[in-house]
Amino acid sequence: MMWIDRFTGEQCRHLPALIPPGRYQSVGDGPAFNGHTPVFTGVLVSDGDQRCQLGDEACTFTPSQKSLAAATELLSKVITTIDAEALQAPLMSPLMPASIIDAKSHLQPFEEQLLDVVKQGHLHHISQRPRLDLHYEDEVADIGRARRLAKGALVHLASHSECWQRQTLSGVIPKKVLARFSEDDYGIYENRVFARLLDKIERYLHGRLAELRGLQATLNQALRFYEAENVDYRLREEICRLWGMTFSAEETSNASTLLGKTLNQLEGLYQTITGLQQSGLYLLVSRQAQVTGALHMTNILGHDQHYRHLAILWDQLAKVAQAKRATPAERFRQNQSLASVYSRYAGLVMRRALLPYLNGQDEGVWAGRHILLRQRGLEWQLLCSSPGLSAPEEVLLTIVPWLSDAPAPEVTPQSKERFIAWPAMGQEIDAAYCPEQWIPLSPTDMYCTERFGLLVDQVLCRMALITYAQPLQKIPQKVLEQAKQVAGVQVNSEQNELIVTEALAGEAVTALKEALVASNSTAQASALEGHNQAILALEKCPVCSGRAPLVFQSPLGFKANCLDKKCATRYLRLEQTGRVFEQSIPESTGFTVVGRRAFTIRQMAGA
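Residue numbers for the sequence shown follow UniProt numbering, beginning at 1 and rising by one.
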């Protein structure tokens with residue numbers, strides 16, 4: 001069967017031996033997968049196992065990072081919640097939903113029960129004063145070691161002369177005897193339950209703490225933005241506005257306080273549990289002594305004032321685990337569903353990034369071109385076409401959402417318009433907005449919309465600039481004579497060309513178009529309208545949406561200053577390597593400070 005490598009966009013017939021989950025997608029129906037899915041179709045994801053058996057072809061999935069298990073689970077819950085809420089609010093904030101923070105900030109029922117048991121000292125009492133059995137063993141030992149004779153010791157002594165020290169007239173003086181020794185047996189069933197319960201609680205708390213620390217980091221990042229002085233005020237206001245769709249500054253502070261309290265309580269519980277694992281009864285129970293199957297309620301577990309709490313905690317923790325348990329087939333369907341949810345999340349972020357251009361819609365007209373955001377399978381494409389013409393659509397940008405805990409692989413998409421969006425979990429992602437066509441996409445990243453906004457700005461500016469100062473050819477001489485009277489137009493009568501260098505008034509555009517149509521130059525009339533619309537789009541300040549008059553600078557450049565002097569300045573200049581477009585704002589010092597408001601485009605097509 002055929003596969004699509006989603007990273008490169010190319011098709012392949014055979015899969016590699018080691019497969020990153022989510023990288024490949026089937027073309028049509030495929031063979032059975034891992035024995036539980038009769039006909040495979042869609043994106044190739046794991047079912048919880050590293051084994052990947054597709055018909056007769058056996059491969060292996062790359063293992064997930066155990067250290068990121070809690071972060072992965074939290075991300076899945078967040079994007080699923082956003083996906084559900086977006087049905088009612090299609091342009092909701094793509095940042096962390098309030099419902100997730102509210103649900104996670106409080107102690108869970110199991111945690112409250114555990115806290116109560118620890119406070120009453122039941123676990124410590126069991127650790128220091130455990131129940132035990134006496135284990136008896138008969139052994140031939142020196143007379144000095146014997147404290148109690150075993151049953152049949154005299155018979156044994158009479159029949160084993162090697163145990164005699166000497167024989168007298170009255171009897172035998174023994175050198176060794178069959179003695180009975182007793183040994184404390186800490187490996188009883190109830191103590192095994194205690195030890196394995198501590199292991200289960202430790203793993204649970206470790207994951208829960210990682211989850212809460214991730215939420216706390218997100219809240220702290222939001223609070224820092226409210227008070228940040230080293231961030232451009234426009235970037236701060238935009239991100240705080242997005243965050244404010246979920247939480248106000250006061251609500252964020254209150255949520256952070258509550259989350260911090262819960263975090264401190266669970267950290268205290270974790271320290272208590274790890275302390276119990278390093279002393280007392282836990283060390284006396286073998287690590288190989290496991291508790292399998294359902295918990296067997298003994299008299300001690302049912303009635304002892306301390307041990308009975310073990311059964312309660314065990315059952316509650318089992319219910320927590322049961323809620324997360326799934327068969328391989330269910331896990332496979334869940335992972336395929338999450339890939340679709342993550343794709344829709346990418347679409348939400350793209351719509352927000354395109355707000356200045358499409359006003360929340362999936363299509364519209366900008367810079368004289370028809371702009372369209374379209375979902376194709378799991379991918380998103382930004383397309384453009386000329387209104388009224390039958391020319392094929394041009395792909396400006398392709399976003400490939402890839403839900404994975406992996407770092408960015410050393411794979412660069414061959415097409416410069418293709419970008420892989422992935423969560424970048426466990427990595428520092430603030431330094432660069434989009435390294436090597438890999439763009440971070442996560443609701444825990446405050447810069448999420450800014451990253452995609454900057455990418456969209458660059459792509460659409462590049463599109464608008466392609467036609468700037470490019471000559472319109474085969475213009476009739478009569479129209480050229482008329483164009484000489486229009487400000488913002490350069491005429492080359494020898495080459496029958498005209499160039500639109502600055503925005504034209506509506507009346508001038510209408511007059512020139514009518515003249516061109518009358519001269520049977522309909523294509524040139526349409527192109528003239530498009531060139532002028534592109535310049536008008538470039539005259540709109542991307543920071544404040546105010547007017548930034550564009551002034552032509554010979555030979556092929558311009559300067560556009562926003563009328564608000566605190567806003568953006570745009571330059572287009574010609575260098576030896578090609579044309580360079582620069583958008584800057586006063587004191588701009590990088591993406592983390594100004595976001596999408598400043599950037600540079602080099603070596604543009606059509607230069």
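Beta carbons: idealized from backbone N, C-alpha and C, even for Gly. All values reported here derive from a predicted model rather than from experimental measurement.
| request: Could you tell me the boundaries of the alpha helix (DSSP H) in which residue 122 lies? | output: 122–128
| query | How should residue 7 be labelled, buried or exposed, when 16 other C-beta atoms within 10 angstroms of its C-beta is the threshold for buried? | reply | buried
| message | Output needed for residue 123: all residues of its chain with C-beta closer than 7 Å, excluding positions within five of it in sequence on either side, in chain order. | response | 117, 276
| Got a sec, what are the start and stop residues for the alpha helix (DSSP H) residue 243 sits in? | 233–244
| message | Measuring alpha carbon to alpha carbon, tell me which residue in 585, 325, 167 is nearest residue 541. | response | 585
| query | DSSP on residue 190, reduced to helix/strand/coil? | reply | helix
| Which whole-angstrom value describes the C-beta separation of residue 259 and residue 219, a residue pair presumed to lie in contact below a C-beta threshold of 8 Å? | 6 Å
| message | My parser needs the alpha helix (DSSP H) runs of 4 or more residues fully inside the segment 275–328; what are they? | response | 281–284, 299–303, 308–324
| said: Using a Cβ-Cβ cutoff of less than 6 Å, which residues in the same chain neighbour residue 125 once the five nearest sequence positions on both sides are dropped? | reply: 306
| task | Classify residue 241 as buried or exposed, calling it buried when 16 or more other Cβ atoms lie within 10 Å of its own Cβ. | result | exposed
| query | Around the C-beta of residue 587, are 16 or more other C-beta atoms found within 10 angstroms, so that it is buried, or is it exposed? | reply | exposed
| query | Would you report the Cα separation of residue 328 and residue 296, rounded to the nearest angstrom? | reply | 28 Å
| Can you round the beta-carbon distance between residue 379 and residue 412 to whole angstroms, since I take them to be within the 8 Å contact cut? | Residue 379 to residue 412, Cβ: 17 Å. No contact.
| field | Terminal residues of the beta strand (DSSP E) in which residue 357 lies | value | Where residue 357 is concerned, there is no enclosing beta strand (DSSP E), although the alpha helix (DSSP H) it sits in stretches over 355–358.
| What is the residue span of the alpha helix (DSSP H) that residue 532 lies within? | 522–538
| field | Element boundaries [beta strand (DSSP E), containing residue 544] | value | Premise fails: residue 544 is in no beta strand (DSSP E) and is neither H nor E.
| query | With a Cβ-Cβ cutoff of 8 Å, do residue 419 and residue 455 count as a contact? | reply | yes
| query | Can you list, in chain order, the residues of its chain whose CB lies under 8 Å from that of residue 17, leaving out five sequence neighbours each side? | reply | 59, 60
| Cα-Cα, which of 119, 246, 600, 549 is closest to residue 446? | 246
| query | Between 549, 147, 178, which lies nearest to residue 564 when the distance is taken from Cα to Cα? | reply | 549
| Inside the segment 540–595 only - alpha helix (DSSP H) runs reaching at least 4 residues | 591–594
| query | Touch check for the segment 49–57 and the segment 332–344: three-plus C-beta pairs under 8 Å? | reply | no
| Since residue 180 sits in a beta bridge, which residues does DSSP pair it with? | 138
| said: Judging by CA-CA distance, which residue of 13, 392, 539, 2 is the nearest neighbour of residue 568? | reply: 539
| query | Of the residues 1, 355, 589, 66, which one's Cα is nearest the Cα of residue 40? | reply | 1
| request: With a threshold of 16 other CB atoms inside 10 Å of the CB of residue 292, please say whether the residue is buried or exposed. | output: exposed
| task | Leaving out five residues on either side along the sequence, give the residues of the same chain with a beta carbon under 6 Å from the beta carbon of residue 331. | result | 47, 48
| How long is the line joining the alpha carbons of residue 79 and residue 299, rounded to whole angstroms? | 47 Å
| request: Check whether the segment 588–602 touches the segment 217–233, counting contact only when three or more Cβ pairs, one atom from each stretch, lie closer than 8 Å. | output: yes
| query | Do you know whose CA, among 261, 410, 352, lies nearest residue 213's CA? | reply | 261
| message | Mapping the DSSP letters down to three states, classify residue 108 as helix, strand or coil. | response | coil
| query | Which residue spans inside the segment 431–460 form an unbroken beta strand (DSSP E) run of at least 3? | reply | 438–440
| Between the beta-carbon of residue 209 and the beta-carbon of residue 267, is there less than 8 Å? | yes
| Candidates 176, 153, 561, 365: which alpha carbon is nearest residue 529's? | 365
| What is the rounded straight-line gap between the Cα of residue 64 and the Cα of residue 102? | 28 Å
| Classification of residue 368 by the beta-carbon crowding that lies within 10 angstroms, buried from 16 upward | buried
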